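Counting the sequence shown from 1 gives a position; the working numbering is that position plus 4.
Backbone N, C-alpha and C define an ideal beta-carbon position, used for all residues, glycine too.
Keep in mind that this is a model prediction, so the values were computed, not measured.
Working notes, structure below.
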Amino acid sequence: MAKAKMQDQFDQFMVFDTTQSAADTLTFSQISLGLNIFSYGALILSRIEYSISRPSMVLISAEDDYLEVAITGSDTIDDLSIAKPEVYDRISVNIHHQGTPATAELVYKPIVKDFSTMNGGGLLVPAQDTYLGVDSGSLGTAATASARVYYRVIELDASDYIELAQRLRVLSS
């Protein structure tokens with residue numbers, strides 16, 4: 005890729021959340037940054053702090069229960085598998101009983117992903133069409149999760165933006 009023009013020198017952050025439309029239903033909320041739709045903007049994600057609401061955490065009580073939260077480039081995918089190039093980053097939370105179900109383990113929140121040591125200062129993703137997705141299995145009610153995302157905006161030229169979008173298969177054929 006050619007040299008990108010840096011827009012932001014320092015990280016900004018945004019906080020957003022998603023509540024599932026129904027239990028065990030993949031649900032997305034779009035992240036709106038207010039960027040010009042005709043610009044070739046990209047985000048450098050330097051840090052993501054995922055947080056699952058306390059009422060949602062207590063729903064995860066059996067080994068079949070799980071909750072997945074992800075930053076994606078599409079709201080039309082059917083799962084949050086890391087095999088999908090549209091899934092930029094994700095966490096999966098479940099439980100594993102060691103001994104009796106009454107044993108307890110301390111849960112630390114938020115779950116932090118730090119990309120600041122990567123080349124370029126973080127994970128490079130297209131700025132348009134960015135979503136927070138939440139999926140679950142075997143939970144009794146809808147779950148809620150949130151993310152605080154630290155990012156910088158950079159401007160790419162048209163060919164570099166298209167290469168980035170194609171690499172992540174954001175553009176459809």
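Sequence-distant Cβ neighbours of Pro114 in its own chain, meaning closer than 6 Å and more than five residues away, are Glu53, Tyr54 and Ser55. Residue ranges of uninterrupted beta strand (DSSP E) with 3 or more members, entirely inside the region 86 to 132 and ordered along the chain, are 91 to 98, 115 to 118 and 127 to 130. With at least 16 other beta carbons inside 10 angstroms of its own, Asp139 counts as buried. For Ile48, the secondary structure class from DSSP, reduced to helix, strand or coil, is strand.
Ranking Leu84, Val157 and Leu172 by CA distance to the CA of Tyr44 puts Val157 first. Look at the beta carbons and you see the region 123 to 140 touching the region 16 to 30: at least three pairs across the two are nearer than 8 Å. Around the CB of Gln16, fewer than 16 other CB atoms lie within 10 Å, so the residue is classed as exposed.
Taking the Cα positions, Leu172 is about 5 Å away from Pro89.
With three or more CB-CB distances shorter than 8 Å, the region 64 to 71 counts as touching the region 93 to 105.
Under DSSP, Ala151 forms a beta bridge with Phe20 and Tyr54.
Excluding the 5 residues flanking it on each side, Arg94 has same chain C-beta neighbours closer than 7 Å at Glu72, Val73, Ala74, Leu84 and Ile86, in chain order.
Gln13 carries a coil assignment under DSSP once its states are collapsed to helix, strand and coil.
Between Tyr155 and Ser36, the C-beta spacing is not below 8 Å.
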